[in-house]
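Data block below; observations after.
Residue numbers (the numbering used here): 17 to 438.
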């Protein structure tokens, strides 16, 4: 097998015009041939030629549906020494983001597990091909097959804690923001538009008029990651990117639009790879245990909200400090809202309190709408206690939807708040 592989590399190089991508078919053939001989089914090897040094690794190995085995970053055979590549900023980004990654120049292979090189194999000498003009003899076949065995046997470990989930989602979301969406925006701008640029313009038109591209990249990626998390908490029978749309409430127009594209649209391959990776982390997450833990910590009524604080502490602690993303405990929120309700009745002689049609509520820094949701709940409770449930729908349309307002600068809390209200 390796003899045939090295022959393919030699034939490609001998054409005289070979670039890095020219050698991809030979490596794909080797991986698929090895997997076939091992009896591994549903092995798909896809490639993503990069226009820049940013973006995803060159190869993704997966089952074609949900399970991602790992990634491979390739360099041309003329790059004989991988030590320099190993310490480069690009590869450090990859090994810190993807837990199962191979670096190769098509002759030497290095396997990284959770950022640490755990296996390496040299199957031939590139200079024999590049300088002597011959097919290199096979070397260390057993070493490569051992490395491939470890690579293909990888499975993401099940996630049991909110802290672990936050760490895994945060590093992937940062990569998504910095290496994929920012680059996609730049590329679409050069080509006079595209889907992501369309979302950016829509966000500027309808949400934040002075939104910068960097700020959009951040809020867009946070929204996708957190939308996936919220969808995962509602899923019961399996989860992946394509199923997420089904679990986003129809009442949240902007989030539905984003996930119609993410789940059902033709995503650029760069986006597809990283969103699938985030979705797989969520698929192996024991959501019931995390929700159970939150319940015992006194956060059971709103675990999605409380997890956002945990997530943001890992993803962007500076923004968390600057924007004050610390959520008021539910008993405190309840006390404050009930106190306002009582003051309206006793001091202002409004017998319906928050349910009075003359009352307007504004939360200027709404976060995830915790206060507004509690005010809504209490107003509806007051109305139905006094007047019954017959007129509740009209009450919601004419009072709740018209007189309760909120503003929020950060997109992810905005989306979470809509999930809560829905």
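Heads up, the beta-carbon is just placed ideally off N, CA and C, and yes, glycines get one too.
Quick check: what's the CA-CA separation for residue i versus residue j?
i           : j           : result
residue 346 : residue 356 : 15 angstroms
residue 236 : residue 374 : 37 angstroms
residue 300 : residue 403 : 47 angstroms
residue 164 : residue 425 : 47 angstroms
residue 182 : residue 87  : 22 angstroms
residue 157 : residue 18  : 7 angstroms
residue 353 : residue 280 : 41 angstroms
residue 42  : residue 102 : 23 angstroms
residue 239 : residue 232 : 10 angstroms
residue 128 : residue 277 : 33 angstroms
residue 162 : residue 83  : 21 angstroms
residue 222 : residue 55  : 53 angstroms
residue 63  : residue 120 : 14 angstroms
residue 319 : residue 180 : 15 angstroms
residue 89  : residue 134 : 16 angstroms
residue 96  : residue 122 : 10 angstroms
residue 21  : residue 53  : 15 angstroms
residue 304 : residue 285 : 32 angstroms
residue 36  : residue 74  : 10 angstroms
residue 302 : residue 177 : 8 angstroms
Please classify residue i as buried or exposed, where buried requires at least 16 other C-beta atoms within 10 Å of its C-beta.
i           : result
residue 49  : exposed
residue 116 : buried
residue 85  : buried
residue 381 : exposed
residue 275 : buried
residue 124 : buried
residue 228 : exposed
residue 71  : buried
residue 91  : buried
residue 4   : Since the first residue shown for the chain is 17 and the last is 438, residue 4 is missing from the structure and cannot be characterised.
residue 333 : exposed
For residue i, which residues of its own chain have a beta-carbon under 6 angstroms away from its beta-carbon, when the five flanking residues on both sides are left out?
i           : result
residue 38  : 28
residue 47  : 61
residue 145 : 26, 29, 152
residue 434 : 268
residue 142 : 93, 96, 123
residue 429 : 383, 384
Tell me the residue span of the beta strand (DSSP E) that contains residue i.
i           : result
residue 313 : Run containing residue 313: none; DSSP gives neither H nor E here.
residue 36  : It is not in any beta strand (DSSP E) - residue 36 carries neither H nor E in the DSSP assignment.
residue 86  : 84 to 90
residue 379 : 377 to 379
residue 132 : 132 to 138
residue 76  : 75 to 78
residue 296 : Residue 296 -> not in any beta strand (DSSP E); alpha helix (DSSP H) instead, spanning 285 to 299.
residue 120 : 116 to 120
residue 255 : That residue, residue 255, is in no beta strand (DSSP E); it is neither H nor E in DSSP.
If I'm right that residue i touches residue j with Cβ under 8 angstroms, what's the distance once you round it to whole angstroms?
i           : j           : result
residue 255 : residue 295 : 7 angstroms
residue 216 : residue 324 : That belief does not hold up - the Cβ atoms of residue 216 and residue 324 are roughly 23 angstroms apart, past 8 angstroms.
residue 384 : residue 436 : 6 angstroms
residue 160 : residue 139 : 5 angstroms
residue 167 : residue 118 : 6 angstroms
residue 109 : residue 184 : About 16 angstroms; that fails the 8 angstroms criterion.
Just curious, the alpha helix (DSSP H) that residue i is in, first and last residue?
i           : result
residue 357 : 346 to 362
residue 324 : 319 to 331
residue 273 : 269 to 275
residue 175 : Premise fails: residue 175 is in no alpha helix (DSSP H) and is neither H nor E.
residue 192 : Run containing residue 192: none; DSSP gives neither H nor E here.
Within the same chain, show all residues whose beta-carbon is closer than 7 angstroms to that of residue i, passing over the 5 residues directly before and after it, in chain order.
i           : result
residue 23  : 151
residue 390 : 349, 350, 353
residue 247 : 260, 263, 264
residue 204 : 210, 212, 213
residue 331 : 186, 189, 190
CB-CB under 8 angstroms to residue i, same chain, minus the five flanking residues each way: which ones, in chain order?
i           : result
residue 230 : 198
residue 188 : 113, 241, 290, 293, 294, 297
residue 372 : 360, 366
residue 370 : 353, 356, 357, 360, 377, 391, 394, 395, 398
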